[in-house]
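Comments concern the structure below.
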Amino acid sequence: MTMHRLQISLPEWQYRFLREQASRTDQSIDGFIRKLIEQEAQTVQRPVEEDPIWEVVGIGRGGPPYDVSERVDEFLYSVQGEIDIEERRRRAIAAAGQFRSGASDISEKHDECLRHITANLED
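According to my numbering, the sequence shown is numbered sequentially starting from 126.
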């Protein structure tokens, strides 16, 4: 493994913290820092397939529940659901990429699109 040397400046309290934590865990300061970076890298690099958002993609397709967008946290994180997690995952994978509006700028103009949709719902 190639190692790169780095030089950083830290406030006194951060240096004391690193020194104390490294000593407490019987590591060098640089070993402790490498361990912190490794832990952070593992949390950031979670596979896309494990993101809970995939559990709601398509869950409201073709029928109830119609309020998925209003109750997204409940559907993602609650154990109370009308469909078990494996069924939600199966539906999410099946529905991925199935819906197209034809618009290519929704991410840029999402506020405008939502206002338009909301206005049409109120009519």
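No residue lacks a Cβ here, since even glycine has one placed at the ideal position from N, Cα and C.
Between the Cα of residue i and the Cα atoms of the options, which residue gives the shortest distance?
i: S215; options: E233, S153, E180 and E237; result: For the sequence presented, residue 215 should be read as Arg rather than Ser. For the residues E233, S153, E180 and E237, the minimum Cα distance to R215 belongs to E180.
i: R213; options: Q152, D176 and Y140; result: D176
Just to confirm the assignment, what range does the alpha helix (DSSP H) spanning residue i have?
i: R155; result: Rather than Arg, the amino acid found at residue 155 in this sequence is Asp. I154 to V169 is the span of the alpha helix (DSSP H), which, as asked, contains D155.
i: S148; result: E137 to R149
May I ask you to report which of helix, strand or coil DSSP gives residue i?
i: H129; result: coil
i: D176; result: coil
i: D236; result: helix
i: E195; result: coil
Quick check: residue i and residue j, are their CB atoms within less than 8 Å of each other?
i: T150; j: F142; result: no
i: I154; j: R144; result: yes
Tell me whether residue i, by its Cβ, gets closer than 7 Å to a heavy atom of the ligand NAD.
i: I133; result: This structure does not include the ligand NAD; it has no bound ligands of any sort.
Looking only at its own chain, which residues have a Cβ that is under 8 Å from the Cβ of residue i, when we skip the five neighbours before and after it?
i: R130; result: none
Given residue i, which residues of its chain have a CB within under 6 Å of its CB, disregarding the five upstream and five downstream residues?
i: Q152; result: none
i: E237; result: none
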